[in-house]
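Protein chains in written order, with this note's numbering: chain Z, 75 to 293; chain L, 740 to 1065.
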């Protein structure tokens, strides 16, 4: 699923943010990505999502070299990945429903084929009464749930989530974790970057611990 | 796995389809991903409308000139003149009659009309004015011939036969004027095309600049689209939709104003055309100054070209900018 070979990253002439990371993440696995602030969790997720290129080494996704891929190839690979950003990245001029439906619209699906799925998912994440509201009027937690719904609506093969429960209460955090687990059971590989130890205690999964630019697999 | 089993059991609801009904009007499946207002503002619409208006005017006037020129050309081509130079101690009137009789027997000539002395004098009046001096000047006499267009004579043979048969008689088939008209028409046509090309280039430059601004102001949307797996083609299509709509809207507005101008043009010429002679000159240049149906079709073609230019330019503009950002 994901293979990193001696991956390193440094900005310009600066020190290495990530150094000589080699990893193999199997299909259908579930990992927490953890580490202190500034350890490079978001950077690693961005590299896995191909929005950042490593300065050293290679990244392989779905059996293909994902380093320096063409724009069209990158788009095709990203369709197999769902991502939840820390800052949500919702489009303010689209309703919550339209934001969540965006990945399906982009791949050319007919609205009649996904209308109910989007509505059901929004109901499930507790945004049933907010689906026709616009992001600026949503709370932080609601935006986060909308962002998660958008990431999972296309049933991705790989889900990358950056602090996905950072803005929700513990009960909603458990509910969202359950969504990730359910997706994982359906075959999606999941990597969740988090500081939330309570969350990690609720589900036994290997941890990728980042410190000093290197990664250690625990569990 | 026991932990997550407990977790799953603790939540009653599974991810199942519910009976929730989402009204179609609320789902807005076709809501634009890129807001139109962030791509094509009113000022851009006005600028493109002005470009289209000027392009339609140029195309329309070139069309009118071509139509007039074609009419002149047809008139000139269907009529030739035989000129009889006065020769001392000869009866010019008698020679005129002999030449007219000879011409009437030639094939390909549908009518022969000898012009009287008075007719010839009237032709010179615009240059010499009304003067008695004309009666004493050796003014050539003319015979106007109408050519049978279905079976025209060989002009070179006819001219040679006339010159061989009669002394001091020449045939003028107006080739000089035909060549002049063709030169003027071609020059004006090329001038019009050059103006249209410049208008197209200016519109292209405006759209390129607008595309850059649109991509800059919608950078976040473009990023999100890339993150959810949109190809550059999809993104370019989202932008080009707006530019096509702009092109059609602005194009139709420009063409509408140009149409109003062409409808009012005959009246405007009468109002500001000056004296009768000036009005007559303008009429000679652009006919009655009103477009016929093919002329209006030409304006529609200009609108289509402007709209296509807006769409294609924005598409390649988006591609180019996205490629440069790789």
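Positions of the beta carbon are idealized from the N, C-alpha and C atoms, including for glycine. Quick caveat: nothing in here was measured; it's all calculated off a predicted structure.
Report task. Hey, could you find the ends of the beta strand (DSSP E) residue 278 of chain Z is sitting in? Result -> For the purposes of this step, residue 278 of chain Z is taken as residue 204 along the first chain, with counting starting at 1. Where residue 278 of chain Z is concerned, there is no enclosing beta strand (DSSP E), given that its DSSP letter is neither H nor E.
Query - Complete beta strand (DSSP E) runs within the stretch 195 to 272 of chain Z (minimum length 3 residues, chain order) - result: 232 to 236, 263 to 267
Query raised in the report: How would you label residue 925 of chain L, buried or exposed, when you count the other beta carbons within 10 angstroms and need 16 or more for buried?
Result: As a working mapping, residue 925 of chain L is identified with position 186 in the second chain. Burial call: exposed.
Report task. Please classify residue 883 of chain L: does DSSP put it in a helix, a strand, or coil? Result -> Counting from one through the second chain, the residue named residue 883 of chain L turns up at place 144. Correct three-state label for residue 883 of chain L: strand.
**Report entry** C-beta neighbour in chain Z for residue 971 of chain L, strict 9 Å
**Finding:** Reading the second chain from its first residue, position 232 is the one you call residue 971 of chain L. Residue 971 of chain L counts as touching chain Z.
Query raised in the report: Which residue spans inside the stretch 940 to 1024 of chain L form an unbroken alpha helix (DSSP H) run of at least 4?
Result: 958 to 966, 971 to 1011
Query raised in the report: So, helix, strand or coil for residue 871 of chain L, using DSSP?
Result: To locate residue 871 of chain L, count along the second chain from 1; it is residue 132. It is helical.
Query raised in the report: In chain Z, which residues lie with their C-beta within 8 Å of the C-beta of residue 930 of chain L?
Result: By 1-based counting over the second chain, the position of residue 930 of chain L is 191. By Cβ distance, chain Z contributes nothing, its closest Cβ being about 44 Å from residue 930 of chain L, past 8 Å.
Query raised in the report: Would DSSP call residue 122 of chain Z helix, strand or coil?
Result: Position 48 of the first chain, counted from the start, is the residue given in the question as residue 122 of chain Z. The answer is helix: DSSP assigns residue 122 of chain Z an H, G or I state.
Query raised in the report: What are the start and end residues of the beta strand (DSSP E) that includes residue 822 of chain L?
Result: Looking up residue 822 of chain L in the second chain gives position 83. Taken as a continuous stretch (DSSP letters only), the beta strand (DSSP E) holding residue 822 of chain L covers 818 to 823.
Query raised in the report: When the distance is taken between beta carbons, is residue 234 of chain Z closer than 9 Å to residue 156 of chain Z?
Result: Within the first chain, residue 156 of chain Z is the residue found at index 82, counting from 1. Within the first chain, residue 234 of chain Z is the residue found at index 160, counting from 1. Taking 9 Å as the Cβ cut-off, residue 156 of chain Z and residue 234 of chain Z qualify as a contacting pair.
Query - Coarse secondary structure for residue 842 of chain L, derived from DSSP in three states - result: Mapped onto the second chain, residue 842 of chain L falls at position 103. Helix, per DSSP.
Query raised in the report: So what does DSSP say about residue 830 of chain L, is it helix, strand or coil?
Result: On the second chain, residue 830 of chain L is found 91 positions in, with the first residue counted as 1. If DSSP states are grouped into helix, strand and coil, residue 830 of chain L belongs with coil.
Query raised in the report: Apart from the five residues just before and just after residue 285 of chain Z, which ones in its own chain have a Cβ nearer than 8 Å to its Cβ?
Result: As a first step, residue 285 of chain Z is located in the first chain; it is residue number 211 there, counting from the start. Excluding sequence neighbours, residue 285 of chain Z sits near 109, 110, 113.
Query raised in the report: When Cβ atoms are compared, which residues of the stretch 947 to 966 of chain L fall closer than 9 Å to chain Z?
Result: 959, 960, 962, 963, 964, 965, 966
Query raised in the report: Which runs of the alpha helix (DSSP H), 4 residues or longer, sit entirely within the stretch 96 to 122 of chain Z?
Result: 115 to 122
Query raised in the report: Between residue 1062 of chain L and chain Z, is there a C-beta pair that is closer than 9 Å?
Result: For this step, residue 1062 of chain L is matched to residue 323 along the second chain. Yes, because at least one Cβ of chain Z sits closer than 9 Å to the Cβ of residue 1062 of chain L.
Query raised in the report: At a Cβ threshold of 9 Å, is residue 1033 of chain L touching chain Z?
Result: Stepping through the second chain from its first residue, residue 1033 of chain L is reached at position 294. No, because no Cβ of chain Z sits closer than 9 Å to the Cβ of residue 1033 of chain L.
Query raised in the report: Which of helix, strand or coil does DSSP assign to residue 77 of chain Z?
Result: The residue given as residue 77 of chain Z occupies position 3 in the first chain. Three-state result, residue 77 of chain Z: strand.
**Report entry** Beta-carbon contacts of residue 308 of chain Z that lie in its chain and below 8 Å, excluding the five residues immediately before and after
**Finding:** The displayed coordinates of chain Z run from 75 to 293. Any statement about residue 308 of chain Z would go beyond what the structure contains.
Query raised in the report: Exposed or buried, which one is residue 965 of chain L when buried takes at least 16 other CB atoms within 10 Å?
Result: By one-based count along the second chain, residue 965 of chain L stands at place 226. Counting Cβ neighbours within 10 Å, residue 965 of chain L comes out buried, since at least 16 surround it.
Query raised in the report: Does DSSP put residue 142 of chain Z in a helix, in a strand, or in coil?
Result: Residue numbering aside, residue 142 of chain Z sits at position 68 when the first chain is read from its first letter. It is coil, neither helix nor strand.
**Report entry** Closer than 9 Å to chain L by CB, residue 272 of chain Z
**Finding:** Stepping through the first chain from its first residue, residue 272 of chain Z is reached at position 198. Not closer than 9 Å to any Cβ of chain L, the Cβ of residue 272 of chain Z fails to qualify, so no.
Query - Burial state of residue 832 of chain L, where buried means 16 or more other Cβ atoms lie within 10 Å - result: Here residue 832 of chain L refers to the residue found at position 93 of the second chain. So residue 832 of chain L counts as exposed.
Report task. Find the residues of chain L that neighbour residue 146 of chain Z, judging by a C-beta separation of less than 9 Å, and give them in chain order. Result -> The residue labelled residue 146 of chain Z in the question sits at position 72 within the first chain. Those within 9 Å of residue 146 of chain Z in chain L are 970, 971, 972.
Report task. Pull out every residue of the stretch 171 to 195 of chain Z whose Cβ sits closer than 7 Å to any Cβ of chain L, in chain order. Result -> 171, 172, 176, 177, 180, 181, 185, 189, 190, 193, 194
Query raised in the report: Using a beta-carbon distance below 9 Å, is residue 774 of chain L in contact with chain Z?
Result: Mapped onto the second chain, residue 774 of chain L falls at position 35. It does: the Cβ of residue 774 of chain L has a partner Cβ on chain Z nearer than 9 Å.
Query - chain Z within 9 Å of residue 1047 of chain L, Cβ atoms only - result: Sequence index remark: in the second chain, residue 1047 of chain L carries index 308 (1-based). Chain Z contact via Cβ: absent.
Requested in this report: Would you grab the beta carbon distance between residue 942 of chain L and residue 1045 of chain L for me? Rounded to a whole angstrom, and I think it's under 8 Å.
Outcome: For the purposes of this step, residue 942 of chain L is taken as the residue at position 203 of the second chain. For the purposes of this step, residue 1045 of chain L is taken as the residue at position 306 of the second chain. So it is a contact: roughly 6 Å between Cβ atoms.
**Report entry** First and last residue of the uninterrupted beta strand (DSSP E) at residue 909 of chain L
**Finding:** Your numbering for residue 909 of chain L matches position 170 in the second chain. Here the beta strand (DSSP E) through residue 909 of chain L covers 908 to 911.
Report task. Scan the stretch 105 to 126 of chain Z for residues whose Cβ lies nearer than 8 Å to a Cβ of chain L and list them as they occur along the chain. Result -> 123, 125
Query raised in the report: Is residue 118 of chain Z near residue 95 of chain Z, with beta carbons less than 9 Å apart?
Result: By one-based count along the first chain, residue 118 of chain Z stands at place 44. By one-based count along the first chain, residue 95 of chain Z stands at place 21. For residue 118 of chain Z and residue 95 of chain Z, yes; Cβs fall inside 9 Å.
Query raised in the report: Since residue 779 of chain L is in the alpha helix (DSSP H), which residue starts that stretch and which ends it?
Result: By 1-based counting over the second chain, the position of residue 779 of chain L is 40. Residue 779 of chain L -> no alpha helix (DSSP H), and no H or E assigned at all.
Report task. Could you pull the start and end residues of the alpha helix (DSSP H) that residue 165 of chain Z belongs to? Result -> Within the first chain, the letter at position 91 stands for residue 165 of chain Z. Residue 165 of chain Z -> no alpha helix (DSSP H), and no H or E assigned at all.
**Report entry** Cβ-Cβ distance between residue 121 of chain Z and residue 97 of chain Z below 9 Å
**Finding:** For the purposes of this step, residue 121 of chain Z is taken as residue 47 along the first chain, with counting starting at 1. For the purposes of this step, residue 97 of chain Z is taken as residue 23 along the first chain, with counting starting at 1. Contact flag unset, no.
Query raised in the report: What residue from Z/201, Z/79, Z/212 has the CA that sits closest to residue 130 of chain Z's CA?
Result: Walking along the first chain from the start, residue 130 of chain Z turns up at place 56. When each option's Cα is compared against that of residue 130 of chain Z, the closest is Z/79.
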